[in-house]
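Q: Shown below is the structure under consideration.
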């Protein structure tokens, strides 16, 4: 059973992290493409239209991959996590059904109108289609994050001992969970950072390597991406601070695990920027610390104490019992894997700050019409999107791994969520199949992106500006569709 649990977790991790590469990029690019088309309508500059169509193609490639990899997520719950699906089905049914019926269909409908409506819709209405697509991505994110936030902090339910299921009693409590209110703006801000970083990487590379005639165009989109990245980065910092305090309130073990704080601090708790410790993370040999910073991150006060892992473990054992299914270091221990939580928390912040710093440096190097000539500038432009994309993925890993050994905090451990009738061989087969399939899709995705990027923006062609009114001389034209 242990091997099935480990394999099922690895498979879900591979599928989820791979899918999450495309999610923030889709959200961020939908916003930036809509913004670019709006700027074209306002300024009438042909560069904005060329940039809009160029990044629109890249957006469509990415969202297609996101949909394909997202479909696989649905299979995971029935294949390897059937006990989990049975337990949470009554709670998750409503938000996930609304996400599919409302948000997904909203996105797909207006993406189609945006693709095929260039010569059929008025310009303002056409630009509005992409804004509606973006609103669809936000709505989709809200419902999915509401379900995930319920796993972090279950509310609005009652447990039915007869069926052994959690049953929804308050839909709005789930939708406006305090964890959700902190998580949603944080994730969306990070998605804007990802989309902006992608625009920076592509535009700045073409700015340096592309045709000289298009340098003004690429400089314009590079600086737009940099400004969006810096602005959304501020949102991420602020919401991350709020989220940390909510996390300390509802999941104090996750905050203690993020710092590898084994014992409750007598006064204020320091935050370590870097630590050298034992392999299991239980002892530190050397650390570079900022005094009292963890106390502020956790509570908002520099002089507050923070509960340690050992004390919290004892509280959990008294509250939930020595559950042998809570498998980490020893049976009955409710501690996550400390090296993973400690380093993923720091990589998340470090890579995010590095990406924002790179955007600020690019703005400085391209100020007042200047063209960067440094040899390391191309490496900088490629690094920024990689930093931000990896920061998103590592942050998601921290969010999920920091909750362990719970799959639903306080209600169900991860081991109890695994499908009882699945063998290790079956999980190996599906995991290898998905991994190989994703490798093939990665080659296709990267190949398509590189092909479009190398080609660059198309030459400017003034699109028609059709009206929704039929022409006056068309009154006797036969109807092509009527009720």
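Residue numbers (full-length UniProt numbering): 1 to 483.
All C-beta atoms in this analysis are idealised placements derived from N, C-alpha and C, irrespective of residue type, glycine included.
Please read these numbers as outputs of a predicted model, since none were measured by experiment.
By DSSP, does residue 326 sit in helix, in strand, or in coil?
A: With a pLDDT of only 42 at residue 326, under 50, the local geometry of the prediction cannot be trusted, and the value read off the model is given with reservation. Residue 326: coil per DSSP, three-state reduction.
Q: May I have a chain-ordered list of the beta strand (DSSP E) segments no shorter than 3 residues that lie completely inside the stretch 156 to 193?
A: Correct list: 157 to 160 and 165 to 168.
Q: Could you have a look at residue 288 and say whether DSSP puts it in helix, strand or coil?
A: Residue 288 falls in the strand class under three-state DSSP.
Q: For the 8 Å Cβ check, are there 3 or more pairs between the stretch 268 to 277 and the stretch 293 to 312?
A: As far as the Cβ criterion goes, the stretch 268 to 277 touches the stretch 293 to 312, which means the pair count is three or higher.
Q: Using a Cβ-Cβ cut-off of 6 Å (strictly less than) and excluding sequence neighbours within five positions of residue 8, which residues of its own chain qualify?
A: The answer, listed in chain order, is 80, 418 and 427.
Q: Can you grab the Cα-Cα spacing for the pair residue 331 / residue 313, in whole Å?
A: Its pLDDT being 42, under 50, residue 331 is placed unreliably by the model, and nothing is read from it.
Q: What is the rounded straight-line gap between the Cα of residue 32 and the Cα of residue 56?
A: In a straight line, the C-alpha of residue 32 is about 9 Å away from that of residue 56.
Q: For residue 160, does the count of other Cβ atoms within 10 angstroms reach 16, so buried, or fall short, so exposed?
A: With fewer than 16 Cβ atoms within 10 Å of its Cβ, residue 160 is classed as exposed.
Q: Quick check on DSSP: helix, strand or coil for residue 102?
A: If DSSP states are grouped into helix, strand and coil, residue 102 belongs with the helices.
Q: Cα-Cα, which of 370, 398 and 306 is closest to residue 349?
A: Of the candidates 370, 398 and 306, the one whose C-alpha sits nearest the C-alpha of residue 349 is 398.
Q: Under a three-way DSSP split, which group does residue 413 fall into?
A: Residue state, collapsed to three classes: strand.
Q: Kindly indicate which three-state DSSP category residue 439 falls into: helix, strand or coil?
A: Helix.
Q: Verify whether the separation of the beta carbon atoms of residue 217 and residue 47 is less than 8 Å.
A: Their beta carbons are under 8 Å apart, which means residue 217 touches residue 47 by this criterion.
Q: Alpha carbon to alpha carbon, how far is residue 173 from residue 181? Give it in angstroms, no decimals.
A: Cα to Cα, the separation comes out at about 11 Å.
Q: Contact defined as beta carbons within less than 8 Å: I believe residue 409 pairs with residue 153. What is the distance between those atoms, to the nearest angstrom?
A: Contact holds; Cβ gap of about 7 Å.
Q: Using alpha carbons as the reference points, say which of 35, 15, 454 and 463 lies closest to residue 192.
A: It is 35.
Q: By how many angstroms is the C-alpha of residue 364 removed from the C-alpha of residue 78?
A: Residue 78 and residue 364: Cα-Cα distance of roughly 51 Å.
Q: Using only the alpha-carbon positions, how far apart do residue 16 and residue 73 sit?
A: Answer to the nearest angstrom: the Cα atoms are 7 Å apart.
Q: Run through the DSSP bridge pairs and tell me what residue 406 is partnered with.
A: Answer is 413.
Q: Are residue 308 and residue 343 touching if we call contact CB-CB under 8 Å?
A: No.
Q: Taking the alpha-carbon positions, what's the residue 445 to residue 61 distance?
A: Straight-line Cα distance between these residues: approximately 7 Å.
Q: Can you look up residue 267 in the DSSP assignment and give me helix, strand or coil?
A: Residue 267: coil per DSSP, three-state reduction.
Q: Considering only the alpha carbon of each residue, which of 382, 341 and 392 lies closest to residue 352?
A: Nearest of 382, 341 and 392 to residue 352, Cα basis: 392.
Q: According to DSSP, is residue 248 part of a helix, a strand, or is it coil?
A: DSSP places residue 248 in helix when its eight states are reduced to three.
Q: Going by other Cβ atoms of all chains shown within 10 Å of its Cβ, with 16 needed for buried, is residue 487 buried or exposed?
A: Nothing in the structure corresponds to residue 487, since the chain is present only between 1 and 483.
Q: Leaving out five residues before and five after residue 131 in sequence, what residues of the same chain have Cβ atoms less than 6 Å from its Cβ?
A: Closer than 6 Å at the Cβ level, and outside the excluded window around residue 131, lie 34.
Q: Return the bridge partner residues of residue 272 from the DSSP annotation.
A: Answer is 289, bridged to residue 272.
Q: Between which residues of its own chain and residue 3 is the CB-CB distance below 8 Å, once the five residues before and five after are set aside?
A: Excluding sequence neighbours, residue 3 sits near 424.
Q: In angstroms with no decimal places, state the Cα-to-Cα distance between residue 90 and residue 100.
A: Each residue's Cα considered, the two are about 16 Å apart.
Q: Output the boundary residues of the alpha helix (DSSP H) element that contains residue 364.
A: That run of the alpha helix (DSSP H) goes 338 to 365.
Q: Using the beta-carbon count (16 or more within 10 Å), is residue 126 buried or exposed?
A: Flag for residue 126 reads buried.
Q: I'd like to know if the stretch 446 to 459 and the stretch 105 to 124 are in contact, where contact means that at least 3 CB-CB pairs between them fall below 8 Å.
A: Counting Cβ pairs under 8 Å, fewer than three are found: no touch.
Q: So, with DSSP's three-state summary, where would you put residue 3?
A: Helix, per DSSP.
Q: Taking only the alpha-carbon atoms, compute the straight-line gap between residue 325 and residue 84 and give it to the nearest angstrom.
A: Summary for residue 325: the model assigns pLDDT 45, below 50, so the residue's position carries little reliability; its value from the coordinates is reported in the next sentence. The straight-line gap from Cα to Cα measures roughly 14 Å.
Q: Residue 441 and residue 23 - do their beta-carbons sit closer together than 8 Å?
A: No, they are not a contact pair.
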